[in-house]
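*Asks:* So that we are looking at the same thing, I have put the structure below in structure tokens.
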Amino acid sequence: MPSPQQARAQASAITSGRTGPETEVSPTSRLRALFDGPHLSPGQRRIAQYLIEHITEAAFLSITDLADRVGVSQPSVTRFAAAVGFSGYPALRERLQSIALGALAGGPAAAEVNRSNELQAAVEAEIENLENLRRDFADPDRVIDVGRKLSQSTPLTILGLRISVSLAEYFAYAARRVHPDVRLVTRGGSVAYDALLQSREAGGTWVLAFSMPRHAQETLTAVRVARSAGLKVALITDLALGPVADEADATFATGTGSRLVFDSYAAPGVMAAALLQAMTDAGPERTQARLEEYEQIAEQHQFFLRE
1 MPSPQQARAQ ASAITSGRTG PETEVSPTSR LRALFDGPHL SPGQRRIAQY LIEHITEAAF
61 LSITDLADRV GVSQPSVTRF AAAVGFSGYP ALRERLQSIA LGALAGGPAA AEVNRSNELQ
121 AAVEAEIENL ENLRRDFADP DRVIDVGRKL SQSTPLTILG LRISVSLAEY FAYAARRVHP
181 DVRLVTRGGS VAYDALLQSR EAGGTWVLAF SMPRHAQETL TAVRVARSAG LKVALITDLA
241 LGPVADEADA TFATGTGSRL VFDSYAAPGV MAAALLQAMT DAGPERTQAR LEEYEQIAEQ
301 HQFFLRE
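Numbering (full-length UniProt numbering), first residue to last: 1 to 307.
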């Protein structure tokens, strides 16, 4: 009889392709798709990120007001509009307004938001992040593909520095149940470089990196080292645009909760769990064998309380 974890692994396998009714793509995903193609300058990335984070307000700003909010010149906004494929700022703003109006139509009532206290508002923000992620998962093929590649990489290196350590530790702990060689890197500098180079020399092909705000320079440097060593990089982060995302081979951008003093990571946590699920699906026989072996050891040494 399979253990509860084995049963869950079997029952929760991801189905390729869109399943069920077509769901609306989230506003943030639409904006990221709009801005992610062209190569943007640092100033243009700032404009893009401001629009992503403040779409319902920013879509109705004049070019002067938007430039002031972001801290760039008006010509910079015009060049940004051209860089993302529009004839000028008016055409870009028209597109932004259609996205913003759709977000407002599908969002919670303003009166309900106004009645929320700060803790409730923080939860509402995380619910919105999870709702956006749910829409992104309407087509899980990219998650399935990257999960398979992570599963095939032996060793598999998990990188998370500073505030991102907790997410990296969670992923590595779980991945070790279904993967024979998972290496966790939570220190930057030469320690990270050594670990990444050794992983590549041992036959590893992929690194999964976490980069949460505030984004560490050490993470960017480590990702560049991994790439220069010949490793592919999958990235879970909150930004689809920026230096770290530019270096990654596959980026999964999910919102983080930023309403409290310290950020919360509901959506990145679910994103990590989805990639873990994709890894278990990629090698079902290995998954079941390793889970069965682990359950026997756990029972022998009484790792867990009996419930």
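Note that CB positions come from ideal geometry on N, CA and C, so glycine has one too.
Fair warning: this is a prediction, and the values are worked out from it, not measured in the lab.
(1) Rounded to a whole number of angstroms, what is the C-alpha to C-alpha distance between Ile52 and Thr28?
(2) What number of angstroms, rounded off, separates the C-alpha of Leu133 from the C-alpha of Pro140?
(3) Taking the alpha-carbon positions, what's the His39 to Thr205 distance?
(4) For Asp65, count neighbouring Cβ atoms within 10 angstroms of its own Cβ and tell me buried if that reaches 16, exposed if not.
(5) Excluding the 5 residues preceding and the 5 following Arg79 in the sequence, name in chain order all residues of the same chain whose CB lies nearer than 8 Å to its CB.
(6) With DSSP run on the structure shown, which of helix, strand or coil describes Leu31?
(7) Helix, strand or coil: how does DSSP classify Ala209 here?
(8) Whose C-beta lies closer than 7 Å to the C-beta of Asp260 among residues of the same chain, with five residues either side of it excluded?
(9) Go ahead and pull the three-state DSSP assignment for Phe303.
(10) Given this structure, state the Cα-to-Cα distance separating Ala253 from Gln300, to the nearest angstrom.
(11) What are the residues that DSSP puts in a beta bridge with Thr256?
(12) Restricting to runs no shorter than 3 residues, where is the beta strand (DSSP E) found entirely within the region 229-281?
(13) State buried or exposed for Ala91, treating a residue as buried only when at least 16 other CB atoms are found within 10 Å of its CB.
(14) Please report how far the alpha carbon of Glu118 lies from the alpha carbon of Glu126, in whole angstroms.
(15) Which same chain residues end up closer than 7 Å to Leu276 when comparing Cβ atoms and leaving out the 5 residues on each side of it in sequence?
(16) Roughly how far, in whole angstroms, is the beta-carbon of Ala234 from the beta-carbon of Leu208, given that I think they are within contact range, below 8 Å?
(17) When DSSP labels each residue in this structure, what does Val84 get in the three-state scheme?
(18) Thinking C-beta only, is Ala192 closer than 9 Å to Val225?
(19) What does a CB cutoff of less than 6 Å around Val182 pick up in its chain, not counting 5 residues either side in sequence?
(20) For the beta strand (DSSP E) that contains Val182, what are its first and last residues?
(21) I need the boundaries of the beta strand (DSSP E) containing Thr157, first residue and last residue.
(22) Quick check on Arg32: buried or exposed, where buried means 16 or more other Cβ atoms within 10 Å of its Cβ?
(23) Can Leu241 and Ala100 be called in contact, C-beta distance under 9 Å?
(24) In the DSSP assignment, find the unbroken alpha helix (DSSP H) run with Ser151 in it and report its ends.
(25) Starting from the Cα of Ser190, find the closest Cα among Arg200, Ala222, Ser166 and Arg214 and give me that residue.
(26) Near Ala59, what residues of its chain come up, given a Cβ to Cβ distance below 6 Å and the 5 sequence neighbours on each side ignored?
(27) Distance check for Ala138 and Ala168, CA to CA, integer angstroms please.
(28) On a CA-only basis, which of Pro75, Glu57, Asp136 and Gly102 is nearest Pro268? Give me that one, please.
(29) Can Val185 and Gly160 be called in contact, C-beta distance under 9 Å?
(30) To the nearest angstrom, how far is it from the Cα of Ala111 to the Cα of Arg93?
(31) For Ser26, name the three-state secondary structure that DSSP assigns.
*Replies:* To lay it out plainly:
(1) As a position in the sequence shown, residue 52 is number 52, starting the count at 1. As a position in the sequence shown, residue 28 is number 28, starting the count at 1. One C-alpha to the other measures close to 6 Å.
(2) If you number the sequence shown from 1, residue 133 lands on position 133. If you number the sequence shown from 1, residue 140 lands on position 140. Distance between the alpha carbons of Leu133 and Pro140: 11 Å.
(3) Position 39 of the sequence shown, counting from 1, holds the residue named residue 39. Position 205 of the sequence shown, counting from 1, holds the residue named residue 205. Distance between the alpha carbons of His39 and Thr205: 26 Å.
(4) As a first step, residue 65 must be located in the sequence shown, where it is residue number 65. So Asp65 counts as exposed.
(5) The sequence position of residue 79 within the sequence shown is 79, counting from 1. Once the five neighbours on either side are set aside, the close Cβ partners of Arg79 are Gln44.
(6) One-based indexing of the sequence shown puts residue 31 at position 31. If DSSP states are grouped into helix, strand and coil, Leu31 belongs with the helices.
(7) Locating residue 209 in the sequence shown gives position 209, where the first residue counts as 1. Three-state result, Ala209: strand.
(8) Translated into the one-based positions of the sequence shown, residue 260 becomes position 260. For the record, residue 260 in the displayed sequence is Leu; it is not Asp. Ala122, listed in sequence order.
(9) Numbered from its first residue, the sequence shown carries residue 303 at position 303. Three-state result, Phe303: coil.
(10) Taking the first residue of the sequence shown as 1, we reach residue 253 at position 253. Taking the first residue of the sequence shown as 1, we reach residue 300 at position 300. In a straight line, the C-alpha of Ala253 is about 41 Å away from that of Gln300.
(11) Here residue 256 refers to the residue found at position 256 when the sequence shown is read from its first residue. Its beta-bridge partners do not exist; DSSP assigns none.
(12) 232-237 and 250-253
(13) On the sequence shown, position 91 is the one that residue 91 refers to. Ala91 should be labelled exposed.
(14) Counting from one through the sequence shown, the residue named residue 118 turns up at place 118. Counting from one through the sequence shown, the residue named residue 126 turns up at place 126. Taking the straight line joining both Cα atoms gives about 13 Å.
(15) By one-based count along the sequence shown, residue 276 stands at place 276. The residues are Phe171, Ala174 and Ala175.
(16) Taking the first residue of the sequence shown as 1, we reach residue 234 at position 234. Taking the first residue of the sequence shown as 1, we reach residue 208 at position 208. Contact holds; Cβ gap of about 5 Å.
(17) Along the sequence shown, one-based indexing puts residue 84 at 84. In the structure shown, Val84 sits in coil (DSSP, three-state: anything other than H, G, I, E or B).
(18) Here residue 225 refers to the residue found at position 225 of the sequence shown. Here residue 192 refers to the residue found at position 192 of the sequence shown. Yes, the pair counts as a contact, with Cβ atoms nearer than the cut-off.
(19) Within the sequence shown, numbered from 1, the residue matching residue 182 stands at position 182. Hits under 6 Å: Leu156, Ala172, Ala175 and Arg176.
(20) Walking along the sequence shown from the start, residue 182 turns up at place 182. Start and end: Val182 to Val185.
(21) In the sequence shown, the residue the question calls residue 157 occupies position 157. Segment Leu156 to Gly160, the beta strand (DSSP E) holding Thr157.
(22) To locate residue 32, count along the sequence shown from 1; it is residue 32. When all chains shown are included, Arg32 counts as buried.
(23) Along the sequence shown, one-based indexing puts residue 241 at 241. Along the sequence shown, one-based indexing puts residue 100 at 100. Their beta carbons are not under 9 Å apart, which means Leu241 does not touch Ala100 by this criterion.
(24) Translated into positions along the sequence shown, residue 151 becomes position 151. That run of the alpha helix (DSSP H) goes Asp141 to Gln152.
(25) On the sequence shown, residue 190 is found 190 positions in, with the first residue counted as 1. Comparing Cα-Cα distances from Ser190 to each of Arg200, Ala222, Ser166 and Arg214, the minimum goes to Ala222.
(26) Here residue 59 corresponds to residue number 59 of the sequence shown, with the count starting at 1. Taken in chain order, the residues that qualify are Leu96, Gln97 and Ala100.
(27) Taking the first residue of the sequence shown as position 1, residue 168 is located at position 168. Taking the first residue of the sequence shown as position 1, residue 138 is located at position 138. Looking at the two C-alpha atoms, the distance is approximately 25 Å.
(28) By one-based count along the sequence shown, residue 268 stands at place 268. The option with the nearest alpha carbon to Pro268 is Asp136.
(29) Reading the sequence shown from its first residue, position 185 is the one you call residue 185. Reading the sequence shown from its first residue, position 160 is the one you call residue 160. Cβ distance < 9 Å, so Val185 and Gly160 count as in contact.
(30) Here residue 111 is taken as the residue at index 111 of the sequence shown, counted from 1. Here residue 93 is taken as the residue at index 93 of the sequence shown, counted from 1. Note that Ala111 has pLDDT 41, beneath the 50 cutoff, so the model's placement of it is unreliable and the number below is only indicative. The straight-line gap from Cα to Cα measures roughly 27 Å.
(31) Reading the sequence shown from its first residue, position 26 is the one you call residue 26. Coil, per DSSP.
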